[in-house]
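S.K.: Heads up: the sequence shown begins at 1 in the UniProt record's numbering, then just goes up one per residue.
The beta-carbon is built from N, C-alpha and C at its ideal position, and this holds for glycine as well.
Okay, handing you the structure first.
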Amino acid sequence: MKKKNKLQIGFITLMSVMVLTGCGGNNEAEKESSKVSSQSGSAVIEKVDKLLDSSEDKKSESKTSSTSDEKKATKAATAVLDYLYKNKTANLKDVTGVAGTDMNRILEDVVYDSKVRDFPGNDWAIVIDDSIFTSEDIFRQYSKVFIQGFKQIKDYEIKDVSVEGDSAEITFLVNPISLPSVSNTIGKERSKVKESLEETKELGIISGKDVQDIIDLFDFKLFGIAFGEQGKPMNLLGEQIEIEFTLEKDGDKFMTDSETLLDLIKQSQVNEYSKTNSTSDQEDVLKEELNSEL
């Protein structure tokens with residue numbers, strides 16, 4: 001009996017050891033699993049943190065790039081508007097690829113071609129104080145005075161610069177030239193040279209020209225005299241208008257061309273009388289207006 005009890009006790013002891021060993025093995029496995037799980041969780045958190053940091057970095061880079069582009073676009077727009085309204089040419093080549101004096105010639109040639117084609121040939125001429133001026137002479141002077149006339153505006157205000165992709169939309173305010181007031185000035189000059197105008201009409205009739213066309217040509221010459229030779233300023237509207245134009249990115253610069261500059265010039269004149277003139281001056285409307293738009 002004692003031997004049997006010893007065997008039972010030994011068996012129980014062995015089972016206890018096995019159970020304890022088994023329990024110990026499970027604890028180690030759980031610990032290892034917990035360790036792996038903890039390491040995996042840390043790796044995921046670290047990866048998420050890196051993604052968040054990367055996202056923030058990209059946002060920061062995008063914001064910095066956007067701010068940089070706005071500054072570049074603003075600088076380019078300033079160069080264009082300084083040239084048009086202040087006669088400053090220092091940075092124009094960076095924006096148009098053309099120096100200021102060359103741009104003057106380009107714009108003047110476009111204006112010249114658009115006007116002289118309506119008076120073709122060598123038989124278009126007017127007489128003022130016994131001097132004869134051909135249509136070519138008249139429009140060479142006119143085109144130069146016309147382009148230079150906008151440089152007297154001086155003041156403008158960039159209101160907004162919006163960059164999207166490779167395009168920058170510029171919005172600015174400017175006090176434009178008053179076309180009716182310009183016509184009024186020309187009319188006053190015409191009244192001073194009535195004899196010359198009548199002589200010119202006679203010459204035109206003899207050569208088979210339309211009288212109104214002759215008057216128009218005569219007025220273009222008076223434009224050159226009043227605002228060029230006499231240096232009279234063109235009257236401004238007296239209040240700002242809003243104008244928009246677009247710059248396109250080329251490499252790391254924002255650029256534009258002569259076509260855009262001409263469009264800005266056209267928009268910088270309005271068919272309204274100057275609000276800075278007196279009422280009596282505005283009521284002194286000419287019986288004969290310029291029929292050609294400047």
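In the DSSP output, what is V270 paired with across the bridge?
M.R.: Answer is S178, bridged to V270.
S.K.: Using 8 Å for Cβ pairs, my map puts A226 next to I265. What's the rounded Cβ distance?
M.R.: 19 Å between Cβ atoms; not a contact.
S.K.: DSSP beta-bridge partners for V127?
M.R.: I132, per the DSSP bridge assignment.
S.K.: Below 8 Å on the Cβ atoms is my contact criterion, and I expect A168 with T246 to pass it. Report the Cβ-Cβ distance as a whole number of Å.
M.R.: Yes, they are in contact, since the Cβ atoms of A168 and T246 sit about 7 Å apart, within 8 Å.
S.K.: Note down the Cα distance separating residue 301 from D166, rounded to an integer number of angstroms.
M.R.: What the structure shows of the chain is the stretch from 1 to 294, and residue 301 is not part of that stretch, so it cannot be assessed.
S.K.: Closer than 8 Å is the cut-off here; do at least three beta carbon pairs connect the segment 81 to 95 with the segment 116 to 131?
M.R.: Not touching, per the Cβ criterion.
S.K.: For E239 and S135, what's the separation of their Cα atoms in angstroms?
M.R.: Going from the Cα of E239 to the Cα of S135 covers about 35 Å.
S.K.: I'd like the ranges of any alpha helix (DSSP H) spanning at least 4 consecutive residues and lying wholly in the segment 159 to 215.
M.R.: Whole alpha helix (DSSP H) segments, 4+ residues: 179 to 192 and 194 to 206.
S.K.: State the start and end residues of the unbroken beta strand (DSSP E) segment that holds T101.
M.R.: Unbroken run through T101 is the alpha helix (DSSP H), G100 to V116; no beta strand (DSSP E).
S.K.: When you compare only the Cα positions, how much space is there between Q230 and G204?
M.R.: When rounded, the distance between both Cα atoms is 27 Å.
S.K.: Which residue marks the beginning of the beta strand (DSSP E) containing K253, and which one marks its end?
M.R.: That run of the beta strand (DSSP E) goes K253 to M255.
S.K.: Would you mind stating whether K86 and K154 have Cβ atoms separated by less than 8 Å?
M.R.: Yes, they are a contact pair.
S.K.: Should the segment 180 to 197 be called in touch with the segment 137 to 148, which here means at least 3 C-beta pairs below 8 Å?
M.R.: Result no; under three Cβ-Cβ pairs closer than 8 Å.
S.K.: By the three-class DSSP mapping on this structure, what secondary structure does F245 have?
M.R.: F245: strand per DSSP, three-state reduction.
S.K.: Closest to residue 314 by C-alpha separation, out of M234, N271 and T67, would be which residue?
M.R.: Limits of the chain in this structure are 1 at one end and 294 at the other, which puts residue 314 out of reach.
S.K.: Starting from residue 297, follow the alpha helix (DSSP H) in both directions and report where the run begins and ends.
M.R.: No answer is possible for residue 297: the residues shown for the chain start at 1 and end at 294.
S.K.: Pick helix, strand or coil for L217, following the three-state DSSP scheme.
M.R.: Note: L217 maps to helix in three-state DSSP.
S.K.: First and last residue of the alpha helix (DSSP H) that includes K93?
M.R.: Residues L92 to T96.
S.K.: Quick check: is the beta carbon of K144 nearer than 8 Å to any beta carbon in chain B?
M.R.: In the structure shown, chain B cannot be found, because there is only a single protein chain.
S.K.: Measure from the alpha carbon of S258 to the alpha carbon of each residue in S274, I177, D113 and I106, then state which is nearest.
M.R.: Nearest C-alpha to S258: I106.
S.K.: Compare the C-alpha of E157 against each of P176, E164, R140 and V163 and name the closest.
M.R.: The option with the nearest alpha carbon to E157 is P176.
S.K.: Going by the CB atoms, is the gap between V270 and S131 shorter than 8 Å?
M.R.: In this structure, V270 does not lie closer than 8 Å to S131 by Cβ.
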